[in-house]
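Chains as they are written, first to last, in the numbering used here: chain G, 216 to 416; chain A, 216 to 416; chain E, 216 to 416; chain R, 216 to 416; chain Z, 216 to 416; chain X, 216 to 416.
By construction, the Cβ of each residue, glycine as well, lies at the ideal position given by its N, Cα and C atoms.
Just so you know, these numbers come straight off a predicted model, no measurement behind them.
There are 6 protein chains.
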Amino acid sequence: MGQGNPEAAMDASSDEPVIALDLPPADPLSPETEAYFAKCREKLGLVPNVLTAYAFDEAKLTAFSTFYNDLMLGPSGLSKLEREMIAVVVSCVNRCFYCLVAHGAAVRTLSGDPALGEALAMNYRAARLSPRHRAMLDFAWLLAEAPHRVEEPDRARLREVGFSDRDIWDIAAVASFFSMSNRIASATDMRPNAEYHAAGR
Amino acid sequence: MGQGNPEAAMDASSDEPVIALDLPPADPLSPETEAYFAKCREKLGLVPNVLTAYAFDEAKLTAFSTFYNDLMLGPSGLSKLEREMIAVVVSCVNRCFYCLVAHGAAVRTLSGDPALGEALAMNYRAARLSPRHRAMLDFAWLLAEAPHRVEEPDRARLREVGFSDRDIWDIAAVASFFSMSNRIASATDMRPNAEYHAAGR
Amino acid sequence: MGQGNPEAAMDASSDEPVIALDLPPADPLSPETEAYFAKCREKLGLVPNVLTAYAFDEAKLTAFSTFYNDLMLGPSGLSKLEREMIAVVVSCVNRCFYCLVAHGAAVRTLSGDPALGEALAMNYRAARLSPRHRAMLDFAWLLAEAPHRVEEPDRARLREVGFSDRDIWDIAAVASFFSMSNRIASATDMRPNAEYHAAGR
Amino acid sequence: MGQGNPEAAMDASSDEPVIALDLPPADPLSPETEAYFAKCREKLGLVPNVLTAYAFDEAKLTAFSTFYNDLMLGPSGLSKLEREMIAVVVSCVNRCFYCLVAHGAAVRTLSGDPALGEALAMNYRAARLSPRHRAMLDFAWLLAEAPHRVEEPDRARLREVGFSDRDIWDIAAVASFFSMSNRIASATDMRPNAEYHAAGR
Amino acid sequence: MGQGNPEAAMDASSDEPVIALDLPPADPLSPETEAYFAKCREKLGLVPNVLTAYAFDEAKLTAFSTFYNDLMLGPSGLSKLEREMIAVVVSCVNRCFYCLVAHGAAVRTLSGDPALGEALAMNYRAARLSPRHRAMLDFAWLLAEAPHRVEEPDRARLREVGFSDRDIWDIAAVASFFSMSNRIASATDMRPNAEYHAAGR
Amino acid sequence: MGQGNPEAAMDASSDEPVIALDLPPADPLSPETEAYFAKCREKLGLVPNVLTAYAFDEAKLTAFSTFYNDLMLGPSGLSKLEREMIAVVVSCVNRCFYCLVAHGAAVRTLSGDPALGEALAMNYRAARLSPRHRAMLDFAWLLAEAPHRVEEPDRARLREVGFSDRDIWDIAAVASFFSMSNRIASATDMRPNAEYHAAGR
C-alpha cells in the first residue's frame, strides 16, 4: 500500500492515502484543476477523494468529472435526489464503502431525511417509497445485479409509472455509472472523506 | 420499442433501431459530431451503434467518447489489445450481447487470433494465456463479478507479474468501464452493428 | 398491514406500527414486562422495537430476551463491542434494515468510532481491523452466507489468532443468533426506533 | 478437534465427541439439567446432542431449551408436524446435516410418512403438499435463502391460504430459529444422535 | 399431468404416473425390454422408474441403459460404491429428489453404512471421508456446481491422492452423467420407486 | 497435461492433445470406429474432438455416440436446428468453450444466420425469437441453471406455445445432455476442432 509514501494522494482529513495505489497527483496541479478543486471546497466543503485519486492524470480527471457532472447535475427528468437515490441503491448491491458513504450523505442532505439515506444504503425494500421511486429503484437494482436479465417488461414497468424514454436512459445511465465507480473504488480501496459520515444526520 | 418510429436512431446496416428507447438523434447533428462520425466511418468502416445511440444528446455523446477514447486509446502500460481483452472478459461475466460482439471483433482483429476472441468471449479460463494476461483477466473477472471481495492480495498478484500501480489503475478502470457500458447496452437492448460478426474471422 | 389498527404494537417515536403483523401487545403488560421496559428506557433511552414486537406474547418475550441477554451481555471471552461487530456484519450479509440500524448504533456508541460502524454495516473488508477481528468477522460472514461450507480449517484460523474453543462457540452463537433475528425482522418488516439513526455519530 | 479428549461432550451412541470444540459439560450437571436430560431419555429415548453440546454452560442450555420448547412445543396455530416441516425445509436450504437428520426423523415420526420426510429434506417442491403447506414452505424457503427479499406480497400469500397474523409470526419464528440452529450445528460440526437415522422409516 | 391417464407410465408401487408427461410405454414392450425389466426385478426387486419412464421409446431406453450400465457397472478404477457416492453428491448439489432417493439407497446398501448415505445426500462435508474420497467428491461437487471453474489444479488434486488419468475421466463422466439425469428427473417430476425409502436402513 | 505425450489423443488441426488427460486412443481403432470416423470426415469434414477423446475406450465411444445420435439426429418434434439452439443456450449457462464453439457453428450453419448463433452463445434474451423458441430456451436455461426449481407451470408454458409432451421430453433431454457434455468438456479441458471457428460465418 501507499502508506508512508510522501508523494501519494493523501486524504486531507486523515493521514491515510486516498487509494491503495502509489499514484501521486500531478505536481503542480494545473490552474484548471486548482480552480475546480477550489470550487469543490467552496460548494461541498471538501474535495471528494475520488477526484484527488484521479488527479494523478489530469486528462482522466477532466474526462471523469465532465462525464459525472453531465450525468448527476445536468438537465434530466430525474431530480438530483433521485439520481443520488439510484447511486446509493446500486452501491448497496455492490457493497461499496466509498460510494455508500459519499452518496448516502448526499441522499440525507438533499432529502433532509436521514432515515431514507440509511434505508437505501441498507435495503431499499424497507424504505417507504412512492410507486415511481420503487419502480426506479427496482430497475436500478436489477440492472446492477443481473444486467443480462433486463428486458422489455422491465422498461415497460418504468413507463407505467410515468417515466419517459429519456428518463429511462437516465435511470440506466446513472445505475450503470455507479456500477463502474463502485468498482474503481473497490479495486483501489478508495477511502471516503471523513466529513461525509456526519453530514445530514 | 421504437420499431417503426421514423425518428428513432437507426442501425445503418438493418431496419432496426439501435436501442429500444425512442431517442432520435439530434437533427441536424452538429458539425463536430458529423466530423467525428465521418472519422469513425473512415477508420472503422462504420459508426458504432453505441455512438449513434448517444447522439440524441451531443453533450452526453462528447462526454462518453472523450472518456472512452482516453481509456481505450490513450497512453497506458496496457496495449490496446490488452484493454480489449479486459473488455471482452468483463462482457462475458455480464453476458452482454452488444459488447461481446463489438469488442470480440476488436480482439480478433488486433490479435489476428480468432480463436482467442472466441475463448475470451466464452470462458477465458479455456484460453492459453501468459501469466501476465491470466492475472490481468483474473482481476478483471473478480472485479466485474464480486467487487466487494477485491482486496490487497488481489492487487499484489498483479504486481507479482510485473504490473505497475498505474497499470493496476488502468486494468481496474477498463474493467469498471465495461461494467458500466455492458449495463447501458443491456438496459436499452442495444444492437451491435452487423459488420462486427464477420470481422477478424 | 397494521396501519390504523388501534391495538397494533406502535413505535413510540412515530405513527407506525413496529411490525407489519396485527399482533397487539398483551394488555395490560405484566408487572415483570413493565419493569423490564422501564429498565430499557432508563438504560437505553428507549424500548427496542423488537421487544415491543414480542410483547404480544410475554412467554416469547421472556424467552427471547433471556436468550439475547445471556448471549450479548453475559460472560464471554468476546467483549460486548466484538459481539456487536459480529451482529452488524451478519446483518450486512442479510441486508437487514432493522438490525443494521440498531446494532450499527451500538458499534458506533461502544467503539466511539462512527466510521467503524459504517464500514461494518457496508463492507467489513473496507475497515481497518486487527488480525483478531478480521478472522472473527471472516468466520461470521462465511457462517452467515454459506454455513454448509464451514469446516475445521475455518475453526483453526480462529484458534491461530488466539480464540479459545469457548470463544469460537460464542462467535458462532452470536453470528447464528443474528441469522435468526435478521429473518424475524425481515419477515415482519420490523421498523427500527428512530433514535438509533443519530446515536453515536 | 476434541477427539480423544476425556472431558469433551460425548455422543452416547458412539465414540465421537458431539462437536468439534473442546467444551466439556458442567461436572456435575445441576439437578435441574439431570432431570431435564432424564425426561428427554424417557420421552425421546435419547438426549439430543444439541443439548449435550450446550451443557458446557447451563445458563445457555436453559435459555436455549426454554426458547426452543416455547417455539416448537408451545401453543400455536401451527401443528407440531408443521413446525417440524419448516425446520426440515430450512435445514435443506442450509444443507445442515445435524438438523436434517434430527428433524427429518421428527417429520417421519409425526407424519407417519417416511417419503414426506425424505422429500422435505431433499427438495420440498417434489412433495405432494396442500396449498396451505406449499405456501408455508415457500415462505420458509424464501426467508431462509434471501431474507432481504421478503415483502408484503409474501405475507399476503400466507393470509390467502388461511394463516392468521399470529400464524405468520410463528412460521417466521420457526424458519428463523432453524436459520440459527443450522449455523450453530455447522459451525461446530455437530453430530446427530445415531438413533435418528432409523427412526420413523 | 398424466394423473388418471390409463396409458401413462405408472409406478408399480403406487397409483401415480412415474413422470408428469403423458408418454405411455411401448405396448407391447419388445421381448428385449421385457427381458431387461425381468432382470431388473430379479436383481433389484423392482424396475427403476427411470427405465419405466424411458419405455415410451425403446431406442432411447436402450441407448440410456447401455450408456448407464457401462458407466456405473463397467470396468473402472472406481468401485461401484464410489460411483454411487459421486451420484449422490451431484444429486445433492442439484437437490434432485428422484436421484437422491434412488442412489442414496444404493450407497446405503453397497456401503452397509446408512449414516454415510444420509451424510452424502445432505452435505458430504459432514461425512468422515478418506482423503481419496474427499478429493473425489470435492471435484464432483465443483464440476456439478460451477463447471466453468474447473482447471488443471483441480485435476492435479485428484492425481495427488492417487487417481490415474483414466480414473479422473471416470469421476468426471459419472459426475457429468448425474448432472444430466438429475435434470431429466427434475424436468419431468420423476417419482422414485417407493421401495428405495426403506432400503439399506 | 498430456502435451508432448506421443500417445495422447491429438487434435488433427493442431499440435495440442484434445484433452488434458493422458488417454491415448485404442490402437488400432476397430474397423467400426474407423468407419464411423471416416463417415464423420465425409459428412462434417472432421472428426469432432469429443469423439477422438472418447476413442480411448471404444465401448464408451459407441455408447456415447449412439446416445448422442438418437437425441440430436433421431426422430423428434424438434428440428435439428432447434436441438442445436438448446445445446448452445445450455452451454452458455455453463460457459463451456468446447460446446459453444462446436454447437455455435452448428446453429450458424443450420440456420444460415451467423448473428443468431452469436446471440444464443452470448445471451439468448438478446435474440429475436418466436414465442415457441423463446419458451423452449427459457425452459432450457432454467433447467440448466436451477433444475430444482422446475415445476408444472414451467411445463405448462411449453404446452401453451404448442409443444407436445413428447416434445417436452426432447427439450428436457437435450438440455440435460448438454449439462452433461459441458461438464465432460470442462473437466478435461477439451479443445474444439479449429475448423469450427470459421464455419457458417
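Item: Are any of the Cβ atoms in chain E nearer than 8 Å to that of lysine 329 of chain G?; Value: One point to set straight first is that residue 329 of chain G is proline, not lysine, in the sequence displayed. Yes, proline 329 of chain G lies at the interface with chain E (some Cβ there is under 8 Å from its Cβ).
Item: Applying a beta-carbon distance threshold of less than 7 Å, which residues of chain A neighbour arginine 310 of chain G?; Value: His363
Item: Assuming asparagine 397 of chain Z is part of the alpha helix (DSSP H), what are its boundary residues?; Value: 380-403
Item: Relative to the C-alpha of glutamate 247 of chain R, which residue among R:Leu238, R:Ala227, R:Leu261 and R:Thr281 is closest?; Value: R:Thr281
Item: Among Z:Ala320, Z:Pro362 and Z:Arg310, whose alpha-carbon lies nearest the alpha-carbon of arginine 340 of chain R?; Value: Z:Arg310
Item: Nearest to leucine 325 of chain A by CA position, among A:Ala336, A:Leu315 and A:Ser294, is which residue?; Value: A:Ser294
Item: If we define contact as Cβ-Cβ less than 8 Å, is lysine 275 of chain A a contact residue for chain G?; Value: yes
Item: Under the assumption that methionine 300 of chain E contacts leucine 357 of chain E (Cβ atoms under 8 Å), give the Cβ distance between them as a whole number of angstroms.; Value: About 15 Å separates the two Cβ atoms, so there is no contact after all.
Item: Among the candidates Z:Asn408, Z:Glu273, Z:Gly260 and Z:Leu286, whose CA atom is the shortest distance from the CA of phenylalanine 392 of chain Z?; Value: Z:Leu286
Item: Please check if any C-beta of chain A sits within less than 8 Å of the C-beta of leucine 286 of chain X.; Value: no
Item: Span of the alpha helix (DSSP H) holding asparagine 338 of chain A?; Value: Element bounds for asparagine 338 of chain A: n/a, residue is neither H nor E.
Item: For serine 228 of chain G, does the three-state DSSP call read helix, strand or coil?; Value: coil
Item: Buried or exposed: which applies to arginine 398 of chain R, given that a residue is buried once 16 or more other Cβ atoms fall within 10 Å of its Cβ?; Value: buried
Item: CA-CA distance, arginine 381 of chain X and glutamate 297 of chain Z?; Value: 34 Å
Item: Would you call the CB atoms of alanine 387 of chain Z and alanine 402 of chain X closer than 8 Å?; Value: yes
Item: So for asparagine 309 of chain R, helix, strand or coil by DSSP?; Value: coil
Item: Tell me the residue span of the alpha helix (DSSP H) that contains serine 280 of chain G.; Value: 273-288
Item: Consider the Cβ of alanine 253 of chain Z: report whether some Cβ of chain X lies at a distance smaller than 8 Å.; Value: no
Item: So is glutamate 367 of chain X buried or exposed if we call it buried at 16+ other beta carbons inside 10 Å?; Value: exposed
Item: Report the residue from G:Val305, G:Val304, G:Ala317 and G:Ser306 whose alpha carbon sits nearest the alpha carbon of proline 263 of chain G.; Value: G:Ala317
Item: Going along the segment 353-380 of chain A in order, which residues come within less than 7 Å of chain G, judged by CB to CB distance?; Value: Leu358, Pro362, His363, Val365, Glu367, Arg370 and Asp380
Item: When you compare the CB of histidine 348 of chain A with every CB in chain X, is at least one pair closer than 8 Å?; Value: no
Item: Following the continuous alpha helix (DSSP H) through valine 265 of chain Z, name the residue where it begins and the one where it ends.; Value: 264-269
Item: If you measure beta-carbon to beta-carbon, which residues of the segment 386-409 of chain R are closer than 9 Å to chain E?; Value: Ile386, Ala387, Ala388, Ala390, Ser391, Phe392, Phe393, Ser394, Met395, Ser396, Asn397, Arg398, Ile399, Ala400, Ser401, Ala402, Thr403 and Asp404
Item: In angstroms, rounded to a whole number, what distance separates the CA positions of methionine 225 of chain E and methionine 351 of chain R?; Value: 27 Å
Item: Say whether chain Z places a C-beta atom closer than 8 Å to the C-beta of threonine 324 of chain X.; Value: no
Item: DSSP three-state call for arginine 343 of chain X: helix, strand or coil?; Value: coil
Item: Would a C-beta distance cut-off of 8 Å place serine 396 of chain X and cysteine 314 of chain X closer than the cut-off?; Value: yes
Item: With C-beta atoms as the reference, is alanine 413 of chain X less than 8 Å away from alanine 390 of chain X?; Value: no
Item: Assuming proline 240 of chain E and phenylalanine 271 of chain E form a contact by the criterion Cβ under 8 Å, report the distance between their Cβ atoms to the nearest whole angstrom.; Value: 6 Å
Item: Name the two residues that bound the continuous alpha helix (DSSP H) containing glutamate 375 of chain X.; Value: 367-375
Item: Hey, serine 394 of chain G and serine 394 of chain A: beta-carbon distance below 8 Å or not?; Value: yes
Item: Can you look up isoleucine 301 of chain G in the DSSP assignment and give me helix, strand or coil?; Value: helix
Item: Consider the Cβ of valine 233 of chain A: report whether some Cβ of chain X lies at a distance smaller than 8 Å.; Value: no
Item: Distance, Cα to Cα, glutamate 273 of chain G vs cysteine 307 of chain Z?; Value: 55 Å
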